[in-house]
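Enquirer:
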Amino acid sequence: MSLLNDLSGLFGDAFASIGLDRAFGEVSFSQRPDLGQFQCNGALPAAKPAGRNPRQIAQEVLDLVSGDERIAELSLAGPGFINITLTDEFLAIELDALAHDPRLGVGKVAEPLSVVVDYGGPNVAKEMHVGHLRPAIIGESIKRILRFEGHHVTGDVHLGDWGTPMGQLIVELSERTPELPYFDPSATGPYPAESPVSVADLQLMYPIASRRAKDDASFAEAARQATVELQDGRPGYRALWQHFRRVSIDAMRDVYEDLGVHFDLWNGESTVHDRIQPMIDRLVGAGLTRLSDGAIVVDVADEADSKEIPPLLLAKTDGAYLYGTSDLATIEERIEDLGARIMVYVVDVRQSLHFEQVFRASRLTGIAGPRVVLEHDGNGTVNGPDGKPFKTRDGDLLRLADLVAMVIARAQERLDENQLATGYPEDERDRIAHLVGMSALKFGDLHNHRTSNYMFDIDRFTSFEGKTGPYLLYGAVRIKSILREAAERGLHGGPIVAADRDPERNLMLRLARLPEIFERAAEHRAPNHLAEYIYELVADFNRFYEVCHILSEPDVARQGSWLTLVQTTLRQLELVLDLLGIEIPERM
RNA sequence: GCCCGCGUAGCUCAGGGGAUAGAGCAACUGCCUCCUAAGCAGUAGGUCGCAGGUUCGAUUCCUGCCGCGGGCGCCA
Numbered sequence: 085m086s087l088l089n090d091l092s093g094l095f096g097d098a099f100a101s102i103g104l105d106r107a108f109g110e111v112s113f114s115q116r117p118d119l120g121q122f123q124c125n126g127a128l129p130a131a132k133p134a135g136r137n138p139r140q141i142a143q144e145v146l147d148l149v150s151g152d153e154r155i156a157e158l159s160l161a162g163p164g165f166i167n168i169t170l171t172d173e174f175l176a177i178e179l180d181a182l183a184h185d186p187r188l189g190v191g192k193v194a195e196p197l198s199v200v201v202d203y204g205g206p207n208v209a210k211e212m213h214v215g216h217l218r219p220a221i222i223g224e225s226i227k228r229i230l231r232f233e234g235h236h237v238t239g240d241v242h243l244g245d246w247g248t249p250m251g252q253l254i255v256e257l258s259e260r261t262p263e264l265p266y267f268d269p270s271a272t273g274p275y276p277a278e279s280p281v282s283v284a285d286l287q288l289m290y291p292i293a294s295r296r297a298k299d300d301a302s303f304a305e306a307a308r309q310a311t312v313e314l315q316d317g318r319p320g321y322r323a324l325w326q327h328f329r330r331v332s333i334d335a336m337r338d339v340y341e342d343l344g345v346h347f348d349l350w351n352g353e354s355t356v357h358d359r360i361q362p363m364i365d366r367l368v369g370a371g372l373t374r375l376s377d378g379a380i381v382v383d384v385a386d387e388a389d390s391k392e393i394p395p396l397l398l399a400k401t402d403g404a405y406l407y408g409t410s411d412l413a414t415i416e417e418r419i420e421d422l423g424a425r426i427m428v429y430v431v432d433v434r435q436s437l438h439f440e441q442v443f444r445a446s447r448l449t450g451i452a453g454p455r456v457v458l459e460h461d462g463n464g465t466v467n468g469p470d471g472k473p474f475k476t477r478d479g480d481l482l483r484l485a486d487l488v489a490m491v492i493a494r495a496q497e498r499l500d501e502n503q504l505a506t507g508y509p510e511d512e513r514d515r516i517a518h519l520v521g522m523s524a525l526k527f528g529d530l531h532n533h534r535t536s537n538y539m540f541d542i543d544r545f546t547s548f549e550g551k552t553g554p555y556l557l558y559g560a561v562r563i564k565s566i567l568r569e570a571a572e573r574g575l576h577g578g579p580i581v582a583a584d585r586d587p588e589r590n591l592m593l594r595l596a597r598l599p600e601i602f603e604r605a606a607e608h609r610a611p612n613h614l615a616e617y618i619y620e621l622v623a624d625f626n627r628f629y630e631v632c633h634i635l636s637e638p639d640v641a642r643q644g645s646w647l648t649l650v651q652t653t654l655r656q657l658e659l660v661l662d663l664l665g666i667e668i669p670e671r672m
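Residue 85 is where the first sequence starts when you use our numbering, and the numbers rise one by one after that.
1. What's the C-alpha gap between M363 and A413?
2. Compute the Euclidean distance between the alpha carbons of L499 and P186, then round it to the nearest angstrom.
3. A293 and H251 - do their beta-carbons sit closer together than 7 Å?
4. So, are the CB atoms of R483 and E211 less than 7 Å apart?
5. Please classify V750: does DSSP put it in a helix, a strand, or coil?
6. Provide the residue span of the beta strand (DSSP E) that contains I166, from first to last.
7. Nearest-angstrom Cα distance between K298 and G464?
8. How many whole angstroms separate the CB atoms of L437 and S446, which I take to be in contact at a CB cut-off of 8 Å?
9. Return the CA-CA distance between N137 and L230, expressed in angstroms with no decimal places.
10. Kindly list the residues whose CB is nearer than 7 Å to the CB of S523, restricted to its own chain and excluding five residues on each side of it in sequence; keep chain order.
11. Which residue comes first and which comes last in the beta strand (DSSP E) that contains D240?
12. CB-CB under 6 Å to V428, same chain, minus the five flanking residues each way: which ones, in chain order?
13. To which residues of the same chain is T535 closer than 8 Å at the C-beta, ignoring the five residues directly before and after it?
14. I221: which of L257, A277, Y407, F527 sits nearest, CA to CA?
15. Pull up the DSSP beta-bridge partners for Q123, would you.
16. If you compare alpha carbons, which of P611, E637, R585, F602 is closest to D624?
17. Check whether the stretch 230-247 touches the stretch 383-395, taking contact to mean three or more Cβ pairs, one atom from each stretch, closer than 8 Å.
18. Can you tell which of M336, A570, K192 has the C-alpha that lies nearest to the C-alpha of D245?
19. Kindly indicate which three-state DSSP category V190 falls into: helix, strand or coil?
20. Closest to S376 by C-alpha separation, out of D402, E387, S354, would be which residue?
21. Consult DSSP for E549 and reduce its assignment to one of helix, strand or coil.
22. Which value, in whole angstroms, describes the spacing of the CA atoms of A323 and L243?
23. Can you give me the Cβ contacts of Q656 inside the same chain, cut-off strictly under 7 Å, excluding the 5 residues immediately before and after it?
24. For the pair the stretch 192-206 and the stretch 142-159, tell me if three or more CB-CB distances fall below 8 Å.
25. In chain order, which alpha helix (DSSP H) runs of at least 4 residues are fully inside the stretch 271-354?
26. For the beta strand (DSSP E) that R597 lies in, which residues bound it at each end?
27. Return helix, strand or coil for G559, following the three-state DSSP convention.
28. Less than 7 Å separating the beta-carbons of G577 and L647?
29. What number of angstroms, rounded off, separates the C-alpha of G204 from the C-alpha of I516?
30. Counting Cβ pairs, one atom from each stretch, are 3 or more of them under 8 Å apart for the stretch 318-334 and the stretch 262-274?
31. CB-CB under 6 Å to A641, same chain, minus the five flanking residues each way: which ones, in chain order?
32. Out of curiosity, what's the CA-to-CA distance linking D105 and A130?
33. Could you spell out the range, first to last residue, of the alpha helix (DSSP H) harbouring M427?
34. Compare the Cα-Cα distances from F443 to each of S410, P469, G423, G468 and report the closest residue.
35. Quick check on the DSSP output: the alpha helix (DSSP H) that includes A445 runs from which residue to which?
36. Give the secondary structure of N590 by DSSP, where H, G and I count as helix, E and B as strand, and everything else as coil.
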């Protein structure tokens, strides 16, 4: 389907017909647009094994291909580069096909697989902070990319809802309000439907309880005990914990909703609780575990390791499970219940050792067979102006909800500064500010590579000038405005005709690049390639827009062609921005 | 100590072994009786941390060194 595949096939045939591997025929978009639109470098790597001169090979390939009617110009350059320029007629045909393709040229995987994207990972009772931003934004984008590629993708927020902090909160609350029925060891319920604590209460108690656990040994011991009892199923604790979980999720949903991040599953560590004991029994029975100072561990070190990989702890000395235990059980659960073949973890890259341990343990225990792909696609951090992880003036981690509110407020100011969306209804204006703010936040994040740390700069991100989300939205809105005007005048898109000037030709060439860019982004789980692409597309469109005055074009065929180009540009913008999780307003 | 990541223009960042290393911002010069100038055209700005190696070819792959950040069993 894609243009590059066609051209690579053509050149591959030529290489094959002179007795060389057809893989050498690979054609790519040119890095030297002054010399050609495409290039084929195959003669250079082909020369050595064939014991031949690369320029001679290139010349022979060039001669073989030169009769092709799709090609306007071929040249041999340097040590053996072949530069290729298509005829404008052929380019127009290609673009016409692209414009009529519902998928805009983007391919699908041959074999759709069940994929789980694990991202988000906020903790119950704990305020979401900037650290949750990147997994949410990147994970959402990767989920959408893999889904568009044709996979069956399930997004799981995977809450931290089952660890020691739960015990700490139970003990903290039991001291504050011992009269609540949840703490009566002899009671079995039923318990009140109404939560005894709000999410604000929990968020207040959390740091206090966590500090006490560090400073006060008896509190820590009580919390440990409560955690074990909770996990063992003590009715009052379970009921209380359900309240913690419920009010926390409600608060998280609001934040994720603002961010446009949607999960298919709101599972967590607790989801697999019932699987854990049987799993451990089985592993112990199979002799896959070892006791280490009273803890049950799986050795995951390998003789070939260049570094020390500590064993994975399945159960602490006191019997409580750890997050590695539930991660292991979760792999098992996803394979059994969802038929998962690929599991993608979008989690801070600093947790790579943990995932290495868990993945190894899952292989060694046979929980994940060799066909199952396990990936930790780590994300970098969001840094403040000082280059260190983002903090507030008080030195605390910035609340994610505050960050979102800040960005939206700044977007609102930007609209005022630029006298945009003036005179619009209040609710539409608010909606636009929201979308502009989110585009700023997300594009500011996603145009960086997933693993790199980046500096959060609200003024730069929300600017309408330069490589920003708002610039993209502005471009998209301007296109919508043209198409609206065209529709009002009764103008509509027609067949693409041969380009007759550079900005038009360049826009067409750009549009033809999406399939390869998408493939690269999907393969590497790297949305930044799409972010970069969409900026280049808008920039190319703006250059086209500058020179080609669409609505006043007198040549009806050319105008029709341009309108199709404009529509196709908009469709790509909508598609790619959607893959990035960015939504476009109708106007601004 | 061991392991992982990073080091590219004044700043923030891209860069799939290929030719003359890019973008945005900031600086400077032009362009609005014309579909949204939040735009476009142009100028200037670089020993791609340092030193080796592999290769026809290295910012890209490998090794060492320097600098910065991070991780290293009973937290998540």
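Glycine included, every Cβ here is placed at the ideal spot set by N, Cα and C.
Only a predicted model underlies this, so the values are computations on that prediction, with no experimental measurement involved.
Expert: So, to answer that:
1. Distance between the alpha carbons of M363 and A413: 7 Å.
2. Rounded to whole angstroms, L499 and P186 show a C-alpha spacing of 34 Å.
3. The question names His, but residue 251 in the sequence shown is Gly. Contact: no.
4. Yes; because the gap between Cβ atoms is below 7 Å, this pair is in contact.
5. Because the chain is modelled from 85 through 672, residue 750 falls outside the range shown and cannot be assessed.
6. In the DSSP annotation of this structure, the continuous segment of the beta strand (DSSP E) that includes I166 starts and ends at 165-170.
7. Straight-line Cα distance between these residues: approximately 28 Å.
8. Not confirmed; about 15 Å, so no contact.
9. Using only the alpha carbons, I get a separation of about 43 Å.
10. Excluding sequence neighbours, S523 sits near G553, P554, L556, L557, I666.
11. First-last of the beta strand (DSSP E) with D240: 236-240.
12. Only V201, E459, D461 meet the Cβ criterion.
13. If we look at T535 and ignore the five residues flanking it on each side, its Cβ neighbours are V433, G462, N463, G464.
14. Of the listed residues, the one whose Cα sits closest to I221 is F527.
15. Answer is S112, N167.
16. Per the Cα distances, R585.
17. Pairwise C-beta distances place the stretch 230-247 out of contact with the stretch 383-395, as fewer than three of them are shorter than 8 Å.
18. Cα-wise, what sits closest to D245 is M336.
19. V190 falls in the coil class under three-state DSSP.
20. Comparing Cα positions, the closest option is D402.
21. In this structure, E549 counts as coil in the three-state DSSP scheme.
22. For A323 and L243, the gap between their C-alpha atoms comes out near 18 Å.
23. Taken in chain order, the residues that qualify are L188, L595, L598, L621.
24. Verdict: no, contact absent.
25. You should have 283-299, 301-316, 319-343.
26. Element bounds for R597: n/a, residue is neither H nor E.
27. When secondary structure is reduced to three states using DSSP, G559 falls in the helix class.
28. By the CB criterion at 7 Å, G577 and L647 fall inside the cutoff.
29. So the two alpha carbons sit approximately 26 Å from each other.
30. At 8 Å Cβ cutoff, the stretches touch.
31. Only V581 meet the Cβ criterion.
32. When rounded, the distance between both Cα atoms is 8 Å.
33. That residue, M427, is in no alpha helix (DSSP H); its beta strand (DSSP E) goes 426-430.
34. That would be S410, whose Cα lies nearest to the Cα of F443.
35. Unbroken alpha helix (DSSP H) run through A445: 436-448.
36. In this structure, N590 counts as helix in the three-state DSSP scheme.
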